[in-house]
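This report refers to the structure that appears directly beneath it.
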Amino acid sequence: MSGRNLVLLVVLAVAVLIGYNSLYIVKETERAVMLEFGRLDQADIAPGLHYKIPLVHEVRMFDARILTFDAQPERYLTVEKKAIMVDSFAKWRIRDVNTYYTSTNGEETRAERLLAQRINEGLRNQFAQRSLLEVVSGERDQLMVDLIESLNRFTNTSLGIEVIDVRVKRIELPEDVSGSVFLRMTSEREREAREHRAKGREQAEVIKADADRQQAVIAAGAYRDSELIRGEGDAKAAAIYASAFNKNPEFYSFVRSLNAYKETFSGAGDFMLVDPDSEFFRYLKDPKGETSQP
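Quick note on numbering: full-length UniProt numbering labels position 214 of the sequence shown as 214, and the sequence is numbered without any gaps.
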C-alpha cells in the first residue's frame with residue numbers, strides 16, 4: 001500500500017470517527033441536556049437525531065419515564081405520641097430537566113436522596129396531625145393527597161421533578177412497643193368480653209323473668225278459665241239433676257242410692273254397722289224402694 005492510500009485511509013477513519021461522535025439520538029423516553037466545556041448550553045433537547053461538536057459538547061441523557069423510589073422504613077409519632085414504623089414508596093419523573101440537572105447534577109441517586117428527605121419530613125408532619133386510627137383507616141388517602149401537594153410545591157421548583165404518587169406499603173408497631181401494645185389490646189379485648197358476657201347474663205335474667213311472669217299469667221288465666229268452665233259444668237249438671245229429679249223423683253233417689261252403694265262397698269275390707277231397717281238399705285230390700293209398714 002502506497003503512502004498516499006494510507007493517508008486517505010487514515011483521513012477517512014478520522015472522518016468516520018468524527019461523524020460518529022458528532023451525531024446523537026435522543027429517544028422519546030429520555031430527556032437530554034448539552035454541555036459546552038462543562039457548562040449547560042442547551043436544556044431539554046427534543047427527541048430525534050442531533051449534531052454536536054466533539055470534544056466541545058457533551059450530551060447527558062436521563063430517563064424520562066415514571067420512576068419508583070422505595071424508601072426505607074422510618075419511625076414516626078402520631079398525634080397520640082404512639083410510635084409506628086412506616087414503609088413507603090414514591091412514583092416520580094423529571095419535569096424540568098434544566099432544574100433537575102442543576103440541582104442534582106443529573107444523578108438519579110442524589111435526586112432520590114433529596115426526595116427521601118422531603119418524603120420523610122412530609123410523612124412525619126402528616127402523621128403528627130392524625131391518630132393511629134385515622135392513619136390506618138380511610139384517612140390515609142387524604143393524608144397521601146396532602147403529602148403529594150406539599151411535596152410538589154417544593155420538588156417542582158427546587159428539584160425539577162414531579163411526584164406522581166406516594167403510598168404506604170405497611171404500617172407496623174416498633175418491636176420495643178409491640179409487646180406492651182399486644183398485652184394492652186389483649187386486656188382490652190378481655191374487658192370487652194367480660195362486659196358482653198355481663199350484658200348477656202343481664203339480658204338472660206330479664207328474658208327469664210319475663211318468661212316466668214308470662215308463664216304465671218298464662219297458668220292463672222288457664223286456672224281461671226278452667227274454674228269458670230268447671231263451675232258452668234257443675235251448674236249445668238245441677239240443673240240437669242234438678243230437672244230429672246222434678247220429672248221422676250223416685251228414679252233420681254234410686255240412682256243416688258246406687259251411687260252410694262258403689263262408693264260405700266268399693267273396698268274389699270270395708271264394713272258398716274247399720275240397722276237393717278235403715279233407709280240406706282231401702283232399695284236392697286225392695287227394688288221399688290217401698291218401705292214395709294210396722
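Glycine is no exception: its CB is placed at the ideal position from the N, C-alpha and C atoms.
### Query
What is the C-beta distance between D70 and E30, in whole angstroms, given that I count them as a contact (C-beta under 8 Å)?
Actually they are not in contact, since the Cβ atoms of D70 and E30 sit about 23 Å apart, beyond 8 Å.
### Query
Which residue spans inside the region 150-214 form an unbroken beta strand (DSSP E) run of at least 3?
161-172
### Limits of the unbroken beta strand (DSSP E) element including G48
G48 to Y51
### Straight-line gap, Q293 to N259 (C-alpha atoms, nearest Å)
Residue confidence for Q293 is low, a pLDDT of 45 falling below 50, so the modelled location carries little weight and cannot support an answer.
### Query
Given that a residue counts as buried once 16 or more other Cβ atoms are within 10 Å of its Cβ, and exposed if not, what is E112?
buried
#### Entry: Bridge partners - E36, DSSP secondary structure assignment
R39 and H57
### Candidates G231, V166 and V79, of which the one nearest I91 by Cα
According to the sequence as given, residue 91 is Lys; it is not Ile. Per the Cα distances, V166.
#### Entry: Neighbour-count burial assignment, A32, 16 or more Cβ in a 10 Å radius
buried
### Query
When the Cα of L67 is compared with those of L8, F89 and E80, which residue comes out closest?
F89
### Task
Look at the Cβ atom of L159, then the Cβ atom of G122, and state whether they are nearer than 9 Å.
no
### Task
Using the Cα positions of S226 and H196, report the straight-line distance between them to the nearest angstrom.
44 Å
### Query
Do T155 and E162 have their CB atoms nearer than 9 Å?
yes
### Message
On the DSSP letters alone, give me the boundaries of the alpha helix (DSSP H) that E107 sits inside.
### Response
Per DSSP, E107 belongs to no alpha helix (DSSP H) and is neither H nor E.
### Task
State the start and end residues of the unbroken alpha helix (DSSP H) segment that holds E134.
L132 to V136
### Task
Starting from the C-beta of Y101, find all residues in its chain whose C-beta is less than 6 Å away, skip the five residues before and the five after it, and write them out in chain order.
V33
### Task
Can you say whether K52 is buried or exposed, counting buried as having 16 or more other CB atoms within 10 angstroms of its CB?
buried
### Task
Go ahead and pull the three-state DSSP assignment for A71.
coil
### Message
I'd like to know whether the C-beta atoms of L173 and F127 end up nearer to each other than 9 Å.
### Response
no
#### Entry: Top-ranked residue by Cα proximity to R95, from R39, A242 and R153
R153
### Query
For D87, which residues does DSSP report across the bridge?
R170
### Message
Short of 8 Å in beta carbon distance, which residues of its chain neighbour N120, apart from the five on each side in sequence? Order them along the chain.
### Response
A71 and E74
### Task
Report, in whole angstroms, the separation of the C-beta atoms of A43 and N98, which I expect to be a contact under 8 Å.
4 Å
### Coarse secondary structure for D44, derived from DSSP in three states
coil
### Query
Straight-line CA distance for V136 to I218?
55 Å
### Query
In the structure shown, what three-state DSSP assignment does E250 receive?
helix
### Query
Helix, strand or coil: how does DSSP classify I66 here?
coil
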